[in-house]
Amino acid sequence: MTRPQKLLTVLVTGAGDGIGRATAQRLARAGHRVIGTVRSADRAAELTGLARAGGLPLSYSRLEFPSAADADALVREVESLGRLDVLVNNAGFGVFGAVEHVGAEDTARQFAVNVFGPLDLTRRLLPLLRASRGRVIWIGSLAGRISLPFQAHYSATKAAVAAIGDAMRMELRPLGVQVCCVEPGDFATAFTGARAVVDPPGSAYQAAQARCLRAAERQERGGGSPEAAAALVERLCRARRLPARAPVGRLARTMCAVHRLLPDRLRERAVRLNYDL
Ligand SMILES: NC(=O)c1ccc[n+]([C@@H]2O[C@H](COP(=O)([O-])OP(=O)(O)OC[C@H]3O[C@@H](n4cnc5c(N)ncnc54)[C@H](OP(=O)(O)O)[C@@H]3O)[C@@H](O)[C@H]2O)c1
Numbered sequence: 109m110t111r112p113q114k115l116l117t118v119l120v121t122g123a124g125d126g127i128g129r130a131t132a133q134r135l136a137r138a139g140h141r142v143i144g145t146v147r148s149a150d151r152a153a154e155l156t157g158l159a160r161a162g163g164l165p166l167s168y169s170r171l172e173f174p175s176a177a178d179a180d181a182l183v184r185e186v187e188s189l190g191r192l193d194v195l196v197n198n199a200g201f202g203v204f205g206a207v208e209h210v211g212a213e214d215t216a217r218q219f220a221v222n223v224f225g226p227l228d229l230t231r232r233l234l235p236l237l238r239a240s241r242g243r244v245i246w247i248g249s250l251a252g253r254i255s256l257p258f259q260a261h262y263s264a265t266k267a268a269v270a271a272i273g274d275a276m277r278m279e280l281r282p283l284g285v286q287v288c289c290v291e292p293g294d295f296a297t298a299f300t301g302a303r304a305v306v307d308p309p310g311s312a313y314q315a316a317q318a319r320c321l322r323a324a325e326r327q328e329r330g331g332g333s334p335e336a337a338a339a340l341v342e343r344l345c346r347a348r349r350l351p352a353r354a355p356v357g358r359l360a361r362t363m364c365a366v367h368r369l370l371p372d373r374l375r376e377r378a379v380r381l382n383y384d385l
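All residue numbers for the sequence shown refer to this note's numbering, where the first residue is 109 and numbers rise by one.
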C-alpha cells in the first residue's frame, strides 16, 4: 500500500549518473522537490539548468566525499529549505583488487566515500527527518550480503551500510522515521568504468583477478537499467511501510534465495563459479 501522493522533499546523493540520476529525475517528474548531488560545481550548474529548462523541480549541489566543506554547505542548504522527507544515500564507487594489494589509502577512500561521509551526512540531517517523520534509503548492494572476491573492501562497505541501516531502523522506529537498505544486483551504469582497479604487475593473483574482473564487468554491462532501481526507490518513498532490505534486479533476488538456502561451502562455490574462479 502507498501513502497518499504528497509532494516530498528528497535529497539524492550521487545524482549525476546511473541509479542516482534516474532516481532524482523520476522523483522530480512525479512533482517532488529534489536536490541531487554531483561532484563538480560546473556539472551541478549545467544539470540544474537542464532541469529548470525542462520545468522539473530539481536542482543539483556539489558534494564530494570526504570534503567536510561540501557536506557543511549541503547541510546548510537543506536546513534552509526547512524540510527533508527522504534522504537517498546513493553515492558510491568500488575498489577492485586482492586484499594483499589494496593499500591503506585506497581502503580509507573506499570507506570514506561509501560509509563515513554518508553516515555523517545522515546523522546531521536526522533532526529534519525526525521533524518530517521521513525516511532514509541506503543504496547498499548484493555485495553487502555476499562478499565478492577481489571486492573485499567494497563488500565490507556495503555490509556496513546495511548494518548501520538495521540499527538506525530500530532506533528511529519510535520516532516515526523509517529506514531501508536497497540491494541492487548488476546494473548497467558508469559504476563499471569508475571502478578503481588495483593490480600491480607480476601479482600472484593477476590471472584470477583478470578473469574475475571480466566476469564482473560483463555481468554489470548486461545488467538491469538504472530506471528499474529508480522505480523501486520511488515506490519506497511512497510506501506506507518500508521493508528492512529491498533487493532489486533479477540476480539480486536469485542470489538472496541462494544465500538463504545453501550451506556456506556451496554458496561460496556458486560465487566462485559466477566469477570464473
Ligand atoms: N551498478 C551496479 O551494478 C550496482 C550494484 C550494486 C550496488 N550499486 C550501488 O549503487 C549506487 C549507485 O551506483 P551506480 O551504479 O549508479 O554508479 P554510477 O553511475 O557510477 O554513479 C555513482 C554516483 O556516485 C557519485 N560518487 C562517486 N564518488 C563520489 C564521491 N567521492 N563523492 C560523492 N559522490 C560520489 C558519482 O558522482 P559523479 O556523477 O559526480 O561522478 C555518481 O553520481 C552506488 O552506491 C553503488 O555502490 C551499484
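Note that the Cβ used here is the ideal one computed from N, Cα and C, for glycine as well.
All of these numbers come straight from a predicted model, not from anything done at the bench.
Q: Provide the residue span of the alpha helix (DSSP H) that contains Y262, from first to last.
A: For Y262, the enclosing alpha helix (DSSP H) stretches over residues A260 to L280.
Q: Please determine, among Y168, S188, A176 and M278, the residue with the shortest C-alpha to C-alpha distance to P351.
A: Taking only the C-alpha atoms, the option nearest P351 is M278.
Q) Once you ignore the five residues that flank Y168 on each side, which residues in its own chain have a CB closer than 6 Å to its CB? A) Within the same chain, Y168 has close Cβ partners G144, V146, A152, L155 and T156.
Q: Answer yes or no: the CB of L250 versus the heavy atoms of ligand 1, is any distance below 7 Å?
A: Using a cutoff of 7 Å, the CB of L250 counts as near ligand 1, since one of the ligand's heavy atoms is closer than that.
Q) DSSP three-state call for F295: helix, strand or coil? A) For F295, the secondary structure class from DSSP, reduced to helix, strand or coil, is strand.
**Q.** Which of helix, strand or coil DSSP assigns to L166
**A.** The answer is strand: DSSP assigns L166 an E or B state.
**Q.** Helix, strand or coil at A347 [DSSP, three-state]
**A.** In the structure shown, A347 sits in a strand (DSSP, three-state: E or B).
Q.
With H, G and I counted as helix, E and B as strand and the rest as coil, what does DSSP make of N197?
A. Here N197 sits in strand by DSSP.
Q) Using the rule of at least 16 other Cβ atoms within 10 Å of the residue's Cβ for burial, across every protein chain shown, is Q113 buried or exposed? A) Per the 10 Å Cβ criterion, exposed.
(Q) For ligand 1, is there any heavy atom lying closer than 7 Å to the beta carbon of E328? (A) Under cutoff, so the answer is yes.
Q | Residue from L158, R184, P226 and L192 with nearest C-alpha to F173 | A | Selected option, being the one with the closest Cα: P226.
Q | Contact set for V306: own chain, Cβ-Cβ below 8 Å, skip 5 residues either direction | A | When the five nearest sequence neighbours on each side are left out, the beta carbons in the same chain lying within less than 8 Å of the beta carbon of V306 are those of V203, F204, G205, A206, H209, V210, G211 and D214, in order along the chain.
Q) Taking 7 Å as the cut-off, is the CB of V203 close to at least one heavy atom of ligand 1? A) False, no ligand heavy atom lies under 7 Å from that Cβ.
Q. Which residue spans inside the region 327-371 form an unbroken alpha helix (DSSP H) run of at least 4?
A. Runs of the alpha helix (DSSP H) inside the region 327-371: 334-346 and 358-369.
(Q) Does R380 come out as helix, strand or coil in the three-state DSSP assignment? (A) The three-state secondary structure of R380, taken from DSSP, is helix.
Q) Is the beta carbon of A323 less than 8 Å from the beta carbon of D384? A) Taking 8 Å as the cut-off, the beta carbon of A323 is found closer than this to the beta carbon of D384.
**Q.** Any non-hydrogen atom of ligand 1 within 7 Å of I127 CB
**A.** I127: yes, Cβ under 7 Å from ligand 1.
Q. Mapping DSSP to helix, strand and coil, what is Q113?
A. Coil.
Q. What's the call for P235, buried or exposed, on a 16-neighbour Cβ count within 10 Å?
A. Exposed: under 16 other Cβ atoms inside 10 Å.
Q. Does the distance from the CB of R243 to the CB of V194 come in under 8 Å?
A. A Cβ-Cβ contact shorter than 8 Å links R243 with V194.
Q. Since I245 contacts V341 with CB under 8 Å, what's their CB separation in whole angstroms?
A. Their Cβ separation, rounded to whole angstroms, is 6 Å, which keeps I245 and V341 in contact under 8 Å.
Q | Option in R241, A360, A216 and D180 with minimal Cα separation from M289 | A | A small fix is needed here, since residue 289 is Cys in this sequence, not Met. Of the candidates R241, A360, A216 and D180, the residue whose Cα lies closest to the Cα of C289 is A360.
Q | Residues bridged to G128 [DSSP beta-bridge criterion] | A | G128 pairs with nothing; no bridge assigned.
**Q.** Buried versus exposed, by CB contacts within 10 Å (16 or more), S263
**A.** Burial of S263 is indicated by the presence of at least 16 other C-beta atoms within 10 angstroms of its C-beta.
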